[in-house]
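The structure appears right after this line, and notes come after that.
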Amino acid sequence: MLKLSQLATAVALVVAGAAATAGEVEVLHYWTSGGEAKSVAELKKIMQAKGHAWKDFAVAGGGGDNAATVLKSRVVSGNPPAAAQIKGPAIQEWASEGVLANLDATAKAEKWDTLLPGVVANVMKYKGNYVAAPVNVHRVNWMWANSAVLKKAGVAGAPKSWDEFFVAAEKVKKAGLIAVAHGGQNWQDFTTFESVVLGVGGAKFYSDALVKLDQKALTSDTMKKSLETFRKIKGYTDAAAPGRDWNLATAMVIQEKAAFQFMGDWAKGEFSAAGKVPGKDYICAAAPGTANAYTFNVDSFAMFKLKDAGAQKAQGDLAASIMGTEFQEVFNLNKGSIPVRLNMDMAKFDDCAKLSAKDFVSTAKSGGLVPSVAHGMAIAPAAEGAIKDAVSQFWNDDKISVADGVANIAKAAATK
Ligand code: BGC
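Numbering-wise, our numbering puts 7 at position 12 of the sequence shown, and it's gapless, one number per residue.
Below, the structure written as structure tokens:
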């Protein structure tokens, strides 16, 4: 039996311990589809197990444009969330405003410099200090296909070139099904567009045109060919595509209404949540012509400067949890992505994830690893927004000629 004085000490210790650890994290994210919600729930569980309160701040809208707008208004009004899903060059923009917290203490204690690929670590840092924690690596240049639909249409397997793709799409159309499930929103249009540019022109051309924004590449014949191919794909989408959310397009493939979707591997999260098995119910393949290239998209959380000590502690724990092996495995199994932390055991992952992990490493060596423009990894937000608009205008308006489309995109690329 504890004596009363011992009991009092024990209680005091427990209370002190709780006060030292418990804090609230308000987390702004845009993971609201079935697969996404399952994934983010794992992070919530881990934080709650550490004694922190999780305040969910979900802003629906694929690709995160809505979340970015809401974040701006919160920061401007002096009330930022503890953490927000921000990535790529936008991290640098936020850091330059002086509003992000320094995560170096956690990063040093957890050895992030040795656990992250250099290409990722650089994006998480501002002037040499960590200001964001990376979650995963999504591959964007995927093509998803329903096996039963392909069979019904007499298509032997995933087409490897754009020429093969159009032959397959024609067969699907003749079989009375939708060839391409698409959601007409500008980030989805661009997700398809950048895979086309990568397939038509290769990784070097992609990089010159869409990352370096080189005017010569942007106005080249290869760009014209890319726009022609892009427009041709539109002919295989259905009339209800405009405005459709990406996960509803994925559902069309899952439910055997459509054959293909061009989307990053968060789409796999939807297949998994629906109990579908890759290689059996559906196929994951690199978009036509892009097997030797990889458009990467790294999700990450930037932390905002907060005054409350408990909240700061919770932020540190959030950053450490995100890079921990437990989270990296369970989150990415649900999300469709692969762990960003190096040397993780991939035994529990499916063949699509294993292919992604293998190609991430091999394309980093070959020069085929390029940042996704559609997903905010490559260029400053202003130019990105302008190019996306030009590409979507071309997609939506058949009266815009290929030559004008090329000129509009090249002009948009010069936006500062
Ligand atoms: C994000 C993914 C997300 C997808 C759909 C991408 O830009 O990186 O995490 O699942 O958009 O919202």
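Where a beta carbon is used, it is the ideal one built from N, C-alpha and C, also for glycine.
For the alpha helix (DSSP H) containing Glu265, list its first residue and its last residue.
-> Within the sequence shown, residue 265 is the residue found at index 270, counting from 1. Element bounds for Glu265: 261 to 268.
Using 8 Å as the cut-off, classify the Cβ of Lys155 as near or not near the heavy atoms of the ligand BGC, replying yes or no.
-> For this step, residue 155 is matched to residue 160 along the sequence shown. No, Cβ of Lys155 sits at least 8 Å from all heavy atoms of the ligand BGC.
Expected contact under 8 Å - CB spacing of His177 and Asn292 to nearest Å | Counted from its first residue, the sequence shown places residue 177 at position 182. Counted from its first residue, the sequence shown places residue 292 at position 297. The distance from the Cβ of His177 to that of Asn292 is about 19 Å, inconsistent with a contact at the 8 Å cut-off.
How about Leu95 and Ala306: are their beta carbons less than 9 Å apart?
-> By one-based count along the sequence shown, residue 95 stands at place 100. By one-based count along the sequence shown, residue 306 stands at place 311. The answer is no: Cβ separation not under 9 Å.
Pair within 9 Å by beta-carbon distance, Val118 and Met318 = The residue labelled residue 118 in the question sits at position 123 within the sequence shown. The residue labelled residue 318 in the question sits at position 323 within the sequence shown. Contact: no.
How many Å lie between Val9 and Ala17 at the Cα?
-> Position 14 of the sequence shown holds residue 9. Position 22 of the sequence shown holds residue 17. For Val9, the predicted structure reports a pLDDT of 41, less than 50, and the residue's modelled location is therefore unreliable. A value from the coordinates is still provided. Whole-angstrom Cα-Cα distance: 12 Å.
Under 9 Å, do Val114 and Ala359 count as touching if we go by C-beta distance?
-> Taking the sequence shown and counting its residues from 1, the one referred to as residue 114 is at position 119. Taking the sequence shown and counting its residues from 1, the one referred to as residue 359 is at position 364. For Val114 and Ala359, yes; Cβs fall inside 9 Å.
According to the Cβ coordinates, are Ser387 and Ile41 closer than 9 Å?
-> Walking along the sequence shown from the start, residue 387 turns up at place 392. Walking along the sequence shown from the start, residue 41 turns up at place 46. Not a contact, by the Cβ cut-off of 9 Å.
In terms of residues, what are the limits of the alpha helix (DSSP H) holding Pro129?
-> By 1-based counting over the sequence shown, the position of residue 129 is 134. Run containing Pro129: none in the alpha helix (DSSP H); it sits in the beta strand (DSSP E), 127 to 129.
Taking only runs that begin and end inside the region 132 to 194, name each unbroken beta strand (DSSP E) of 3 or more residues, in chain order.
-> Qualifying beta strand (DSSP E) stretches, in chain order: 137 to 141, 173 to 175.
Hey, how far is the Cα of Leu224 from the Cα of Trp157?
-> On the sequence shown, position 229 is the one that residue 224 refers to. On the sequence shown, position 162 is the one that residue 157 refers to. Just to set this straight, residue 224 is Thr in the shown sequence, not Leu. Cα to Cα, Thr224 sits roughly 8 Å from Trp157.
Rounded C-alpha distance that separates Asn412 from Thr187 = The first residue shown for the chain is -4 and the last is 411, placing residue 412 beyond what the model contains.
Got a sec? Which residues, its chain only, sit under 8 Å from Val175 by beta carbon, not counting five neighbours each side?
-> Stepping through the sequence shown from its first residue, residue 175 is reached at position 180. Non-local C-beta neighbours of Val175 in its own chain, meaning closer than 8 Å and more than five positions away in sequence, comprise Ala164, Ile228, Tyr231, Thr232, Ala253, Ala254, Phe255, Gln256, Phe257, ordered along the chain.
Inter-residue Cα distance where the pair is Ala90 and Ser28 | Reading the sequence shown from its first residue, position 95 is the one you call residue 90. Reading the sequence shown from its first residue, position 33 is the one you call residue 28. Rounded to whole angstroms, Ala90 to Ser28 spans 29 Å at the Cα level.
Of the residues Lys45, Ile173, Leu98, Val132, which one's Cα is nearest the Cα of Pro112?
-> Walking along the sequence shown from the start, residue 112 turns up at place 117. The option with the nearest alpha carbon to Pro112 is Val132.
Per the contact definition of three or more C-beta pairs closer than 8 Å, is the region 136 to 151 in contact with the region 237 to 250?
-> Taking 8 Å as the limit for Cβ pairs, the verdict is that the region 136 to 151 does touch the region 237 to 250.
Identity of the residues DSSP links to Val22 by a beta bridge = Position 27 of the sequence shown, counted from the start, is the residue given in the question as residue 22. BP columns for Val22 point to Asp51, Ala78.
Classify Lys411 as helix, strand or coil using the three-state DSSP reduction.
-> Taking the first residue of the sequence shown as 1, we reach residue 411 at position 416. In the structure shown, Lys411 sits in coil (DSSP, three-state: anything other than H, G, I, E or B).
Limits of the alpha helix (DSSP H) - the one that Phe296 falls within = Taking the first residue of the sequence shown as position 1, residue 296 is located at position 301. Counting along the chain, Phe296 falls outside any alpha helix (DSSP H), though it belongs to the beta strand (DSSP E) covering 295 to 298.
Once you ignore the five residues that flank Ala153 on each side, which residues in its own chain have a CB closer than 7 Å to its CB?
-> Position 158 of the sequence shown holds residue 153. Around Ala153: Met138, Ala140, Ile278, Ala280.
Report yes or no: do the region 57 to 69 and the region 79 to 90 share at least 3 C-beta pairs separated by less than 8 Å?
-> With contact defined as three or more Cβ pairs closer than 8 Å, the region 57 to 69 and the region 79 to 90 are in contact.
Mapping DSSP to helix, strand and coil, what is Val335?
-> For the purposes of this step, residue 335 is taken as residue 340 along the sequence shown, with counting starting at 1. Under the three-state reduction of DSSP, Val335 is assigned to coil, being neither helix nor strand.
Have a look at Thr290, Ala100, Leu145 and flag the residue whose alpha-carbon is nearest the alpha-carbon of Tyr201.
-> Reading the sequence shown from its first residue, position 206 is the one you call residue 201. When only C-alpha atoms are compared, the closest one is Thr290.
Could you tell me whether any non-hydrogen atom of the ligand BGC is closer than 8 Å to the CB of Asn292?
-> Here the question's residue 292 lines up with position 297 in the sequence shown. Because some heavy atom of the ligand BGC lies under 8 Å away, the Cβ of Asn292 counts as near it: yes.
Beta-bridge partners of Ala281, as assigned by DSSP | Translated into the one-based positions of the sequence shown, residue 281 becomes position 286. Trp137, per the DSSP bridge assignment.
Alpha-carbon to alpha-carbon, Asn136 and Ala286 = Working through the sequence shown from its first residue, we reach residue 286 at position 291. Working through the sequence shown from its first residue, we reach residue 136 at position 141. In this structure, the CA atom of Ala286 is about 9 Å from the CA atom of Asn136.
How is the beta strand (DSSP E) around Gln256 delimited, first residue to last?
-> As a first step, residue 256 must be located in the sequence shown, where it is residue number 261. Element bounds for Gln256: 253 to 257.
Closer than 8 Å: Lys252 CB and nearest the ligand BGC heavy atom | For the purposes of this step, residue 252 is taken as residue 257 along the sequence shown, with counting starting at 1. The answer is no for Lys252.
Starting from Leu205, follow the alpha helix (DSSP H) in both directions and report where the run begins and ends.
-> Position 210 of the sequence shown holds residue 205. Premise fails: Leu205 is in no alpha helix (DSSP H) and is neither H nor E.
Where do the ends of the beta strand (DSSP E) carrying Val365 lie?
-> Counting from 1 along the sequence shown, the entry for residue 365 is found at position 370. For Val365, the uninterrupted beta strand (DSSP E) run begins and ends at 364 to 366, by DSSP.
Which same chain residues, not among the five before or five after Asn327, have their C-beta less than 7 Å away from its C-beta?
-> For the purposes of this step, residue 327 is taken as the residue at position 332 of the sequence shown. The residues are Asn131, Ile333, Pro334.
Counterpart residues of Phe291 in DSSP-defined beta bridges = Counting from 1 along the sequence shown, the entry for residue 291 is found at position 296. Under the DSSP definition of a beta bridge, Phe291 partners with Arg134, Pro366.
Give the DSSP-derived three-state secondary structure of Lys39 in the structure shown.
-> Sequence index remark: in the sequence shown, residue 39 carries index 44 (1-based). In the three-state reduction of the DSSP assignment, Lys39 falls in the helix class.
According to DSSP, is Lys353 helix, strand or coil?
-> By 1-based counting over the sequence shown, the position of residue 353 is 358. Reduced to three states, the DSSP call for Lys353 is helix.
Is the beta carbon of Gly179 less than 9 Å from the beta carbon of Gly259?
-> One-based indexing of the sequence shown puts residue 179 at position 184. One-based indexing of the sequence shown puts residue 259 at position 264. Remark: C-beta atoms of Gly179 and Gly259 do not approach each other more closely than 9 Å.
7 Å CB neighbourhood of Gly274 in its chain, flanking five on each side removed = By one-based count along the sequence shown, residue 274 stands at place 279. Closer than 7 Å at the Cβ level, and outside the excluded window around Gly274, lie Asp346.
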